[in-house]
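Asker: Same order as they appear, the protein sequences are chains A and B.
Take the first sequence: its position 629, counting from 1, is numbered 629 in UniProt numbering, and each next residue is one higher.
Take the second sequence: its position 581, counting from 1, is numbered 581 in UniProt numbering, and each next residue is one higher.
Note that the Cβ used here is the ideal one computed from N, Cα and C, for glycine as well.
Number of protein chains: 2
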Amino acid sequence: MESSDAAPRFEICIAVASSKHSPGSDDDAVASYIKALKNTGLVVEIEEGLDSIRFIKVSLLIRFCFRLLVAFQIAAPIEVVGRTAEKLNIKKSTYLGLEVPFVWEKRDAFVRQAISNSLFTWTEKYSCMEYLLYSVANEKDHPVKFTVGESSELELKPGENILAVLKASEVVKDVFVLHDETTRNELLKGWAMNFKGLTSQPVDAIHAYFGAKVAIYFAFLGMYTQWLVIPSIVAAFFYYKESRPWGTALPVVLSVMTVVWSVLFLQFWKRKNAALLTRFVWELNFRWGVSLDRSEGPEEAENIDFAAVTNEGGIQAGRIHEMDINKLQKQAFQKKEWLEQLKSARNNAIVIVGIIFVQLPFELAYAHMNKMASYEVLRYFLTVIYLLGIQVFTNLGGKIAVKLTKTEHYGSKEAESDGLIYKVFGIYFMQSYIGLFYHALFHRDFIVLRHFLVQRLIIAQIMSNISENVVPWFSYLYAKHKATNRHDEEHKKSDDKKIRSPVEEEYLKPEYSSSVGDDLEDGLFDDFLELALQFGMVTMFACSFPLVFVFALINNLVEIRSDAIKLLLMFRRPRPREAASIGAWLQIFQYMGVVAICTNCALLVCLYDEAGQWNVEPGMAAILVMEHLLLLAKFGFKCFVPEEPAWVKAKRARRSRLQEKYTLQILKDGKHRDL
Amino acid sequence: MESSDAAPRFEICIAVASSKHSPGSDDDAVASYIKALKNTGLVVEIEEGLDSIRFIKVSLLIRFCFRLLVAFQIAAPIEVVGRTAEKLNIKKSTYLGLEVPFVWEKRDAFVRQAISNSLFTWTEKYSCMEYLLYSVANEKDHPVKFTVGESSELELKPGENILAVLKASEVVKDVFVLHDETTRNELLKGWAMNFKGLTSQPVDAIHAYFGAKVAIYFAFLGMYTQWLVIPSIVAAFFYYKESRPWGTALPVVLSVMTVVWSVLFLQFWKRKNAALLTRFVWELNFRWGVSLDRSEGPEEAENIDFAAVTNEGGIQAGRIHEMDINKLQKQAFQKKEWLEQLKSARNNAIVIVGIIFVQLPFELAYAHMNKMASYEVLRYFLTVIYLLGIQVFTNLGGKIAVKLTKTEHYGSKEAESDGLIYKVFGIYFMQSYIGLFYHALFHRDFIVLRHFLVQRLIIAQIMSNISENVVPWFSYLYAKHKATNRHDEEHKKSDDKKIRSPVEEEYLKPEYSSSVGDDLEDGLFDDFLELALQFGMVTMFACSFPLVFVFALINNLVEIRSDAIKLLLMFRRPRPREAASIGAWLQIFQYMGVVAICTNCALLVCLYDEAGQWNVEPGMAAILVMEHLLLLAKFGFKCFVPEEPAWVKAKRARRSRLQEKYTLQILKDGKHRDL
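1) Are the Cβ atoms of S544 (chain B) and P251 (chain B) separated by less than 8 Å?
2) Measuring straight from C-alpha to C-alpha, what distance separates residue 745 (chain B) and A192 (chain B)?
3) If the criterion is Cβ atoms closer than 8 Å, does the pair G536 (chain A) and M570 (chain A) meet it?
4) Counting only Cβ pairs nearer than 8 Å, list the residues of chain A close to E643 (chain B).
5) Please state the DSSP three-state secondary structure of I90 (chain B).
6) Using a Cβ cut-off of 8 Å (strictly closer), state whether H207 (chain B) contacts chain A.
7) Out of B:A236, B:T663, B:R655 and B:P574, state which residue places its alpha-carbon closest to the alpha-carbon of T278 (chain B).
8) Could you tell me if F375 (chain B) is buried or exposed, where buried requires 16 or more neighbouring beta carbons within 10 angstroms of its beta carbon?
9) Who are F210 (chain A)'s beta bridge partners in DSSP?
10) What residue range is occupied by the uninterrupted beta strand (DSSP E) comprising E153 (chain B)?
11) How is M432 (chain B) classed by DSSP in three states: helix, strand or coil?
12) Along the chain, where does the alpha helix (DSSP H) that runs through E376 (chain B) open and close?
13) Taking DSSP's pairing of strands, which residues face F10 (chain A) in a bridge?
14) Throw me the rounded Cβ distance for the L604 (chain A) and S255 (chain A) pair, which I believe falls under 8 Å.
15) Expressed to the nearest angstrom, what Euclidean distance is found between the alpha-carbon atoms of V558 (chain B) and Y224 (chain B)?
16) Does the separation of the CB atoms of Y131 (chain B) and L178 (chain B) fall below 8 Å?
17) Going by DSSP, which residues form a beta bridge with T147 (chain B)?
18) Would you please verify whether the beta carbon of C543 (chain B) is less than 8 Å from any beta carbon of chain A?
19) What span of residues does the beta strand (DSSP E) with residue 688 (chain B) cover, start to end?
20) Note down the Cα distance separating F10 (chain A) from E363 (chain A), rounded to an integer number of angstroms.
21) Tell me, please, whether the CB atom of G314 (chain B) is closer than 8 Å to any CB atom in chain A?
22) Let me know the secondary structure DSSP gives I588 (chain B) once reduced to three states.
23) What are the residues of the stretch 75-103 of chain A that lie near chain B, defined by any Cβ-Cβ distance shorter than 8 Å?
24) Are the CB atoms of Y478 (chain A) and K509 (chain A) within a distance shorter than 8 Å?
25) State whether the stretch 368-387 of chain B contacts the stretch 409-416 of chain B, with contact taken as three or more CB pairs (one from each stretch) at a distance under 8 Å.
26) I'd like to know if T405 (chain A) contacts chain B, where contact means its C-beta is closer than 8 Å to some C-beta of that chain.
27) Can we say the stretch 135-154 of chain A touches the stretch 455-475 of chain A, given the rule of at least three CB pairs closer than 8 Å?
28) Is any beta-carbon of chain B found at less than 8 Å from that of L568 (chain A)?
29) Assuming contact is defined by CB atoms lying nearer than 8 Å, are A275 (chain A) and F333 (chain B) in contact in what I supplied?
30) Starting from D563 (chain B), trace the alpha helix (DSSP H) in both directions and tell me its first and last residue.
31) Ignore the nearest five residues each way along the sequence and tell me which others in D27 (chain A)'s own chain have a CB closer than 8 Å to its CB.
32) With a Cβ-Cβ cutoff of 8 Å, do G41 (chain A) and V80 (chain A) count as a contact?
33) Say whether chain A places a C-beta atom closer than 8 Å to the C-beta of Q341 (chain B).
34) Tell me, please, whether the CB atom of F429 (chain A) is closer than 8 Å to any CB atom in chain B?
35) Since F452 (chain B) and H443 (chain B) should fall inside the 8 Å C-beta cutoff, what is the C-beta to C-beta distance between them, to a whole number of angstroms?
36) Helix, strand or coil for V136 (chain A), going by three-state DSSP, please let me know.
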């Protein structure tokens with residue numbers, strides 16, 4: 001992406017509400033912050049925009065009186081990023097074959113990215129820039145005063161971070177990532193608008209532009225869609241051949257097919273995931289328990305440092321226990337570990353109890369009353385109440401889940417976000433499926449069930465796909481309109497509408513944020529949630545309505561494109577996030593695979609029972625036997641498809657040989673005494 | 001165990017059928033072999049024994065005419081072991097904190113064993129000695145002739161291994177491991193005869209004397225027995241309080257308790273196992289996919305070497321793909337991987353089909369006919385036929401399983417042995433439980449079920465415990481008697497029976513061998529099999545008869561001691577074997593935990609149905625719900641108990657930090673170019 005000669009590209013923007021006559025005085029907060037940034041080596045450029053004489057009117061209530069909204073674009077030359085990476089001990093692959101904390105002097109030894117040929121991945125670069133932005137603090141031991149604009153003042157306590165203070169006092173309105181026009185246009189053409197590609201995803205390009213987490217999401221979405229093709233064809237064929245689908249063995253065949261399909265799909269996904277990780281260069285160390293998160297805090301570091309002991313006393317015979325963990329440390333570890341486990345068990349219990357005793361009755365009550373309501377009007381009324389109700393539940397539940405998650409102590413931000421996902425997914429699971437179960441199992445009302453499925457899969461999902469794009473688009477248009485209109489009122493007769501800079505455009509767009517816990521998850525949460533709920537509908541109810549496969553396929557083909565457009569055009573460019581896998585979502589998908597076995601069997605019982613062609617007793621027994629056989633087969637299939645391709649294993653074996661070689665060399669040189 | 005000054009201890013014995021006047025001539029096969037061994041640095045001492053003028057009579061049919069059975073005791077000085085370990089690239093922990101292939105010059109840097117303070121574990125030492133014994137070969141490019149005894153000759157082709165040829169022509173009767181009297185007596189006192197210790201096991205001492213596999217077995221047996229105590233007390237209490245155990249909720253309580261107990265037990269065992277591994281110093285690298293087996297053969301090495309490329313071209317920008325696996329290699333890997341998977345799937349299918357279509361009908365036929373037989377005589381007759389039948393099945397099945405396993409390509413000997421265990425266990429599983437299921441589920445005959453359980457758990461198991469010791473003891477006594485008697489006939493009037501040397505005593509004892517696949521498994525197979533079948537009976541049938549816990553506990557308290565005595569006194573000292581876990585057995589125990597959920601629920605259905613107090617319909621439904629809840633809970637518990645203690649994780653994190661440090665140093669020194 002960058003070469004050392006070319007001018008660095010602006011990648012982060014700080015939007016500041018500043019006084020009109022931007023003062024150069026030393027005690028102006030923004031000016032001195034920008035100066036400090038320049039000192040760290042970052043390239044800062046001012047872009048005045050949003051001629052906000054009008055804009056002020058909107059923000060009149062704010063304490064300070066702003067005249068202008070100024071955007072500072074930040075770019076980082078490669079050396080600045082490199083030095084910061086060295087300071088942050090960012091680990092990178094080398095041509096030695098192993099990862100090593102980055103060293104700027106030895107930069108030629110580090111592996112460059114495949115697509116962009118740059119030294120750092122976008123995620124690494126972003127972390128470095130972010131670190132620099134937040135590294136400016138008051139380093140004196142007394143408070144420092146700054147002026148803000150012309151009349152206001154700001155006090156910075158010792159050690160306080162200036163950007164955080166500026167954000168808190170709303171001088172800095174926002175810090176956000178900028179799109180890169182060239183790459184964006186390439187991606188638009190080659191990916192979002194590429195209707196020929198069907199399900200294939202340019203994973204490397206996505207990884208280079210959005211980071212690993214988004215790349216893994218699209219890889220998963222692409223593979224899932226691809227895997228939907230064959231069952232769709234089979235199911236559609238069966239559906240049109242059989243005029244009366246239940247009454248034959250078709251539902252049994254469909255159930256078995258669905259279960260086998262879902263297990264195989266997830267196993268093969270794990271393989272693909274393992275292969276993907278070796279493609280994104282930072283790969284393997286994540287898999288072996290080393291945290292992704294570099295901001296581990298002192299506590300974690302201390303835990304690891306327990307054995308940084310007596311290295312001077314060093315090499316003496318029979319002294320393994322000095323290098324080892326002593327008994328007290330072991331006990332301390334164990335005590336802490338179990339306290340954490342208990343706390344997380346308690347939190348999970350709270351969530352589960354809440355769902356079962358608050359949400360479940362509510363859902364059932366609605367489903368029941370809706371079924372029983374004799375007047376259409378009453379039904380609409382109920383639905384309105386219900387829709388309001390689930391809004392409240394989801395919001396409240398989300399908030400509680402975030403709070404509970406924060407009380408737990410996870411090793412990394414990844415794990416923390418996973419903990420939240422599990423909790424929140426429980427709520428959505430109930431919300432989405434209880435109604436379906438109610439109709440299927442209690443009333444054996446397969447017509448309503450089908451209606452529900454069609455409605456959810458086509459109308460709801462495609463509508464939501466559109467709205468995902470339309471809502472942010474309109475919110476952007478509205479913001480633009482407001483700003484432009486006011487501008488027009490000012491210069492009433494001027495016909496030339498001011499052409500806005502890309503930075504301004506981005507500023508007006510909404511953020512790619514999640515419906516729960518903004519600081520733990522971004523918009524990917526909602527995208528994955530949608531997929532997971534769809535996967536649940538496909539696997540759990542396939543036997544009662546084969547066309548779910550087809551609908552899901554159509555929906556996903558749309559989803560791939562709409563998600564891509566959303567990320568490229570509708571939202572600000574999301575902050576890049578690292579990830580080694582789809583994390584909690586994989587567990588959730590697997591869990592639904594197991595639930596699907598049970599629900600399919602339960603549905604079969606209902607189906608055949610209603611048709612009356614089988615006697616209940618042998619039929620029941622046969623279905624129960626089938627259930628257990630399927631559960632057994634699930635484990636069998638897991639054994640058959642290894643989670644890690646053989647060549648990935650071979651790669652790891654090679655790494656461990658290298659490690660031995662290097663360690664041996666260190667031993668021979670006696671270097672370890674200096675380290 | 002050894003210090004460099006002390007005389008090395010004799011640890012391996014080669015028993016040779018030699019001519020009486022042991023010739024010193026150069027072309028005698030045995031003499032020149034011994035000479036070659038001495039050249040490698042091994043200490044060899046001749047112990048003439050088993051004055052076998054009589055003994056010859058037994059072996060008259062053998063091609064050569066032997067006069068004497070001579071025992072060569074082999075001992076290895078520490079330097080010989082060290083040099084060999086260096087040659088074999090045996091990896092060992094260092095005070096640097098990482099493992100490194102052993103280097104004799106740097107021996108002070110390597111971690112010594114905790115208990116014995118020796119540089120090598122017993123397993124490592126044994127591998128080195130074994131390597132040396134088999135390293136003597138005909139290195140000339142023409143065949144070499146040796147005389148054997150006085151009249152026979154032996155030709156050695158170029159490259160042929162002399163010990164292998166001597167063994168094949170029965171000149172060398174046996175190569176076996178010698179006990180160490182001091183340590184054996186200590187273990188006898190402190191372990192086998194220690195009745196106060198109840199369930200505690202001196203794991204480190206066992207590890208030092210028998211190697212890791214045996215140590216892990218006893219650690220498991222000890223923990224399992226310990227975990228049986230509480231459910232035994234609870235179950236015994238319930239049993240004596242309730243006069244009529246079914247008819248109340250007791251069986252339900254028992255089922256739930258058993259399932260929860262088994263899941264928790266296995267999870268905590270995994271933790272203990274992880275902790276054990278850090279205690280046995282060679283620990284962590286096994287867990288991360290590096291094979292235990294050093295004799296990987298050229299194929300495996302080639303697989304790993306694929307990327308030992310262009311290291312001279314080295315450090316250049318943008319060239320990751322040179323260090324990487326190219327597409328062709330990847331395809332080759334994948335093709336091979338899938339062929340292997342298919343082959344192993346086919347073999348498993350053969351085993352499963354065999355069990356279901358051959359063994360199952362046989363077992364059911366016996367159970368049915370036995371139930372229906374009206375005359376006592378007929379029943380005995382049937383039992384005789386049945387017993388003969390299962391003998392045939394087990395032998396045949398074992399042989400087929402061994403053959404199938406050998407066609408598959410496993411990464412290591414460990415994995416190969418696991419593959420065999422799975423296959424053979426299927427046969428034993430059917431044999432042990434089908435009868436029980438038949439009585440429980442088809443006839444709802446709980447009296448017969450209880451009889452069976454009592455019989456299997458007390459009579460069969462305790463009897464087998466005793467016989468495990470008695471049979472080898474008598475076989476030893478018989479061998480001794482024969483040898484001694486013949487000696488007496490010779491010196492008819494001499495009253496002083498020759499006092500035999502320990503080496504002779506050992507030679508007369510049987511080997512610690514398994515009932516299947518001697519080359520893949522040793523006697524531990526049978527010991528684990530016994531435990532697994534017992535665990536199955538406890539977990540699967542607990543709800544119908546609470547006392548199974550108590551019987552299992554009593555049996556295991558006996559088992560611990562009898563197994564210890566067996567290993568120390570009744571058998572030759574087994575060859576040490578490395579292991580990182582109980583391997584396939586853990587999977588089998590877990591699998592039985594799942595089966596137990598289903599059988600317990602099925603038994604409950606039968607129990608309550610027979611008692612007639614519940615209506616079948618709601619009762620059935622409740623039990624089915626319970627089954628699914630228990631299955632769910634099983635996964636929940638797995639999440640609650642982490643498989644690896646936090647301090648083990650911390651240790652691993654530290655290792656990876658060290659690795660980075662060393663690699664960075666190598667990078668800075670530019671040393672990698674020389675490596």
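Answerer: In brief:
1) On the second sequence, position 544 is the one that residue 544 (chain B) refers to. On the second sequence, position 251 is the one that residue 251 (chain B) refers to. Their beta carbons are under 8 Å apart, which means S544 (chain B) touches P251 (chain B) by this criterion.
2) For residue 745 (chain B) there is no data in the structure shown, the boundaries of chain B being 1 and 675.
3) Stepping through the first sequence from its first residue, residue 536 (chain A) is reached at position 536. Stepping through the first sequence from its first residue, residue 570 (chain A) is reached at position 570. No, Cβ-Cβ distance for G536 (chain A) and M570 (chain A) is not below 8 Å.
4) One-based indexing of the second sequence puts residue 643 (chain B) at position 643. Those within 8 Å of E643 (chain B) in chain A number zero; the least Cβ separation is about 12 Å.
5) Along the second sequence, read from residue 1 onward, the residue named residue 90 (chain B) stands at position 90. Reduced to three states, the DSSP call for I90 (chain B) is coil.
6) For the purposes of this step, residue 207 (chain B) is taken as the residue at position 207 of the second sequence. Chain A, which has no Cβ nearer than 8 Å to the Cβ of H207 (chain B), makes this no.
7) For this step, residue 278 (chain B) is matched to residue 278 along the second sequence. Of the listed residues, the one whose Cα sits closest to T278 (chain B) is B:R655.
8) Here residue 375 (chain B) is taken as the residue at index 375 of the second sequence, counted from 1. Looking at the sequence shown, residue 375 (chain B) is not Phe but Tyr. Its Cβ having fewer than 16 others within 10 Å, Y375 (chain B) is exposed.
9) Against the first sequence, residue 210 (chain A) aligns to sequence position 210. None; F210 (chain A) has no bridge partner.
10) For this step, residue 153 (chain B) is matched to residue 153 along the second sequence. Unbroken beta strand (DSSP E) run through E153 (chain B): S152 to L156.
11) Within the second sequence, the letter at position 432 stands for residue 432 (chain B). In the sequence on display, residue 432 (chain B) carries Ser and not Met. Three-state result, S432 (chain B): helix.
12) Position 376 of the second sequence, counting from 1, holds the residue named residue 376 (chain B). Residues E376 to T407.
13) The residue you call residue 10 (chain A) lines up with position 10 of the first sequence. Bridge partners of F10 (chain A): A:A75.
14) The count along the first sequence starts at 1 and reaches residue 604 (chain A) at position 604. The count along the first sequence starts at 1 and reaches residue 255 (chain A) at position 255. The pair is a contact, with the Cβ atoms about 6 Å apart (cut-off 8 Å).
15) For the purposes of this step, residue 558 (chain B) is identified with residue 558 of the second sequence, where counting begins at 1. For the purposes of this step, residue 224 (chain B) is identified with residue 224 of the second sequence, where counting begins at 1. One C-alpha to the other measures close to 13 Å.
16) Residue 131 (chain B) sits at position 131 when you count from the first residue of the second sequence. Residue 178 (chain B) sits at position 178 when you count from the first residue of the second sequence. In this structure, L178 (chain B) does not lie closer than 8 Å to Y131 (chain B) by Cβ.
17) Indexing the second sequence from 1 puts residue 147 (chain B) at position 147. Answer by DSSP bridge pairing, in chain order: B:D28 and B:E153.
18) The residue given as residue 543 (chain B) occupies position 543 in the second sequence. For C543 (chain B), the answer is no, since every Cβ of chain A falls outside 8 Å of its Cβ.
19) This structure leaves residue 688 (chain B) out entirely; chain B is present only between 1 and 675.
20) Locating residue 10 (chain A) in the first sequence gives position 10, counting from the first residue. Locating residue 363 (chain A) in the first sequence gives position 363, counting from the first residue. Straight-line Cα distance between these residues: approximately 50 Å.
21) Counting from one through the second sequence, the residue named residue 314 (chain B) turns up at place 314. Unreliable positioning characterises G314 (chain B) in this predicted model, as indicated by a pLDDT of 36, which lies under 50. The coordinate reading is nonetheless provided below. With 8 Å as the cut-off, G314 (chain B) counts as an interface residue toward chain A.
22) For the purposes of this step, residue 588 (chain B) is taken as residue 588 along the second sequence, with counting starting at 1. Here I588 (chain B) sits in helix by DSSP.
23) K91, S93, T94, Y95, L96, G97, L98, E99, V100, P101 and V103
24) The residue labelled residue 509 (chain A) in the question sits at position 509 within the first sequence. The residue labelled residue 478 (chain A) in the question sits at position 478 within the first sequence. Going by C-beta atoms, K509 (chain A) is not nearer than 8 Å to Y478 (chain A).
25) no
26) Taking the first sequence and counting its residues from 1, the one referred to as residue 405 (chain A) is at position 405. For T405 (chain A), the answer is no, since every Cβ of chain B falls outside 8 Å of its Cβ.
27) no
28) Numbered from 1 along the first sequence, position 568 holds the residue referred to as residue 568 (chain A). Answer no: the Cβ-Cβ gap between L568 (chain A) and chain B never drops below 8 Å.
29) Locating residue 275 (chain A) in the first sequence gives position 275, counting from the first residue. Locating residue 333 (chain B) in the second sequence gives position 333, counting from the first residue. Going by C-beta atoms, A275 (chain A) is not nearer than 8 Å to F333 (chain B).
30) Within the second sequence, numbered from 1, the residue matching residue 563 (chain B) stands at position 563. It spans V548 to I565 - the alpha helix (DSSP H) in which D563 (chain B) sits, taken as one unbroken run.
31) Translated into the one-based positions of the first sequence, residue 27 (chain A) becomes position 27. Cβ neighbours of D27 (chain A) beyond the five flanking positions: K145, F146 and T147.
32) Locating residue 41 (chain A) in the first sequence gives position 41, where the first residue counts as 1. Locating residue 80 (chain A) in the first sequence gives position 80, where the first residue counts as 1. Contact: yes.
33) Here residue 341 (chain B) corresponds to residue number 341 of the second sequence, with the count starting at 1. Chain A, which has a Cβ nearer than 8 Å to the Cβ of Q341 (chain B), makes this yes.
34) Residue numbering aside, residue 429 (chain A) sits at position 429 when the first sequence is read from its first letter. Output row for F429 (chain A): interface = no.
35) Stepping through the second sequence from its first residue, residue 452 (chain B) is reached at position 452. Stepping through the second sequence from its first residue, residue 443 (chain B) is reached at position 443. The pair is not a contact, with the Cβ atoms about 12 Å apart (cut-off 8 Å).
36) In the first sequence, counting from the first residue as 1, residue 136 (chain A) sits at position 136. Three-state DSSP puts V136 (chain A) in coil, outside helix and strand.
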